[in-house]
Amino acid sequence: MFKTRIRKRIIFNEFLDEWLTIHKVNVKESTYVTYYNHCKNHIKPYFQKQYLQDINHNIIQQFIDYHLKYGNLRTKKELSVKTVKELINVLKLCLKYAMNEGYIQPFNLEFKLLNQNKAINMMNQNDYHNLVSYLKENESYFHIGILMMLSMGMRIGEVCALKNKNINLRKKEIYINSTLQRIQDFENNKTKIIITPVKTIHSQRIIPIPNSLVQYLKLKDDNYFFLTQSTRYIEPRSFRYKFKKIIKKLQIDEVTVHSLRHYFASQCIELGFDYNCLSEILGHSSPSTTMNLYVHCQDKYKQECMNKIHI
Numbered sequence: 005m006f007k008t009r010i011r012k013r014i015i016f017n018e019f020l021d022e023w024l025t026i027h028k029v030n031v032k033e034s035t036y037v038t039y040y041n042h043c044k045n046h047i048k049p050y051f052q053k054q055y056l057q058d059i060n061h062n063i064i065q066q067f068i069d070y071h072l073k074y075g076n077l078r079t080k081k082e083l084s085v086k087t088v089k090e091l092i093n094v095l096k097l098c099l100k101y102a103m104n105e106g107y108i109q110p111f112n113l114e115f116k117l118l119n120q121n122k123a124i125n126m127m128n129q130n131d132y133h134n135l136v137s138y139l140k141e142n143e144s145y146f147h148i149g150i151l152m153m154l155s156m157g158m159r160i161g162e163v164c165a166l167k168n169k170n171i172n173l174r175k176k177e178i179y180i181n182s183t184l185q186r187i188q189d190f191e192n193n194k195t196k197i198i199i200t201p202v203k204t205i206h207s208q209r210i211i212p213i214p215n216s217l218v219q220y221l222k223l224k225d226d227n228y229f230f231l232t233q234s235t236r237y238i239e240p241r242s243f244r245y246k247f248k249k250i251i252k253k254l255q256i257d258e259v260t261v262h263s264l265r266h267y268f269a270s271q272c273i274e275l276g277f278d279y280n281c282l283s284e285i286l287g288h289s290s291p292s293t294t295m296n297l298y299v300h301c302q303d304k305y306k307q308e309c310m311n312k313i314h315i
């Protein structure tokens with residue numbers, strides 16, 4: 005129930021700072037850093053001197069539409085749908101707190117994401133086979149890590165954090181329970197690497213290893229990171245840099261490391277995977293998440309499907 009209180013008018017950006025301070029103790033360090041950066045880089049520049057009490061559903065919807073269409077207010081850099089959804093989540097959490105504390109009257113916090121189907125740079129079959137052939141012919145643990153992403157749909161942070169002890173060759177299973185990422189270190193005004201449990205209970209999962217990949221998984225000490233076979237890790241930033249060099253060398257159209265996960269999901273659908281099964285492999289909370297975010301049919305497959313239509 006809404007708390008009836010007399011509140012002085014407050015600048016929304018100042019209220020964001022208050023909410024961040026209070027909310028900091030309730031979330032993981034990496035989550036707080038994400039919230040902080042979204043407020044600093046996207047939310048605050050947009051709202052500037054606007055009062056919290058003047059915020060309503062239409063104003064938030066305009067914020068969403070603007071960022072989907074134009075990207076960042078200052079840099080004009082395009083934002084992914086994932087980033088915009090994260091911005092919406094931050095705003096909803098902050099505004100729910102404002103409502104519960106009596107700063108503002110409750111209003112509808114459900115918003116539309118229009119024109120959200122931005123193109124994903126996906127490899128075609130020829131590029132896929134060229135990449136896989138190169139990785140196999142120039143075998144290294146880093147290259148096997150890329151093959152893992154292509155054949156198991158793992159996230160980059162999960163691959164970087166993976167240790168040999170989480171790989172069971174007898175059962176042909178990989179246990180995903182950690183992620184590695186670089187975040188801001190506010191105390192030292194730098195960045196730092198953290199290894200934490202995966203974000204959700206769904207992300208913590210067991211992925212069966214395909215038979216075609218087992219032969220490449222030669223392990224040493226249990227506590228070694230898989231990608232290096234040592235006590236040192238490869239961080240996501242370095243992983244992306246090395247991957248980009250391979251893509252450039254093979255003259256493959258620009259794709260990102262994360263697009264490998266999209267490719268895996270799309271291939272699984274084309275091969276007839278059950279949606280629930282694929283959702284669990286990817287670590288999603290539901291099949292709808294998998295279908296909405298990660299499934300992009302190849303043109304060749306679309307044509308094959310359409311050729312089944314007879315008139």
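So that you can map any letter, position 302 of the sequence shown is 306 in our numbering, and since no number is skipped, the others follow by simple counting.
Here a beta-carbon is modelled for each residue, glycine too, at the ideal position from N, C-alpha and C.
Burial state of residue i (16 or more Cβ within 10 Å)
i      : result
GLN185 : buried
THR204 : exposed
GLY106 : exposed
HIS133 : exposed
TYR70  : exposed
ILE26  : exposed
TYR74  : exposed
SER207 : buried
TYR245 : exposed
GLU162 : buried
VAL218 : exposed
LEU275 : exposed
Cut-off 8 Å between Cβ atoms - residues of its own chain near residue i, not counting five sequence neighbours on either side
i      : result
GLU143 : TYR220
TYR55  : ARG13, ILE14, ILE15 and PHE16
THR294 : ALA269, TYR279, LEU282, SER283, LEU286 and HIS288
ASN227 : LYS167, ASN168, LYS169 and THR235
Closest residue to residue i among the options (Cα-Cα distance)
i      : options                           : result
TYR40  : CYS98, VAL85, HIS71 and ASN60     : CYS98
PRO240 : ILE187, ASN215 and LEU95          : ILE187
SER209 : MET156, THR38 and ILE250          : Note that residue 209 is Arg in the sequence shown, not Ser. The candidate whose alpha carbon is nearest that of ARG209 is MET156.
ASP58  : LYS44, PRO110, CYS43 and ASP21    : PRO110
ILE3   : VAL37, TYR101 and GLU114          : Past the edges of the chain, shown from 5 to 315, lies residue 3, and the structure says nothing about it.
ASN172 : ASN193, GLU18, TYR267 and LYS222  : LYS222
VAL327 : VAL218, SER182 and ASP189         : Within the shown structure, residues of the chain are numbered from 5 to 315, placing residue 327 beyond reach of any answer.
TYR50  : LYS80, GLU22 and SER34            : LYS80
GLU18  : THR35, LYS249 and ILE47           : ILE47
VAL202 : LYS44, GLU191, LYS252 and SER182  : SER182
ASN215 : ILE250, ASN193, ILE178 and ILE197 : ILE178
ILE250 : ASN192, ILE197, LYS140 and MET103 : LYS140
SER34  : ALA102, MET103, ARG174 and ILE197 : ILE197
Proximity below 8 Å, CB of residue i to CB of residue j
i      : j      : result
ILE319 : ILE211 : With the chain covering 5 to 315 only, the question about residue 319 has no answer from this structure.
ILE213 : LYS176 : yes
LEU154 : LEU264 : yes
HIS61  : ASN112 : yes
ILE180 : MET152 : no
THR195 : LYS32  : no
LEU24  : ILE64  : no
MET127 : ILE273 : no
GLU90  : HIS42  : yes
VAL85  : LEU117 : yes
ASN130 : VAL259 : no
TYR237 : PHE247 : no
VAL88  : LEU77  : no
Contact set for residue i: own chain, Cβ-Cβ below 7 Å, skip 5 residues either direction
i      : result
PHE243 : ILE160, CYS164 and VAL261
LEU254 : ASN134, LEU135 and TYR138
LEU83  : HIS71, GLY75 and ASN76
GLN53  : Sequence check: residue 53 is Lys here, not Gln. Only ILE15 meet the Cβ criterion.
ASP21  : none
Those residues which DSSP pairs with residue i across a bridge
i      : result
GLU141 : According to DSSP, GLU141 bridges with nothing at all.
GLN185 : ILE198
ARG209 : ILE180
ILE15  : TYR55
LEU234 : Checking the sequence, you will find Ser at residue 234 rather than Leu. Beta-bridge pairing links SER234 to PHE229.
Nonlocal neighbours in the same chain, by C-beta distance under 6 Å from residue i, ignoring five residues either side
i      : result
GLN233 : TYR145 and LYS224
Distance cut-off 7 Å: residue i Cβ against heavy atoms of the ligand FAD
i      : result
ILE285 : For the structure depicted, the ligand FAD is absent and the ligand set is empty, with no information on it obtainable.
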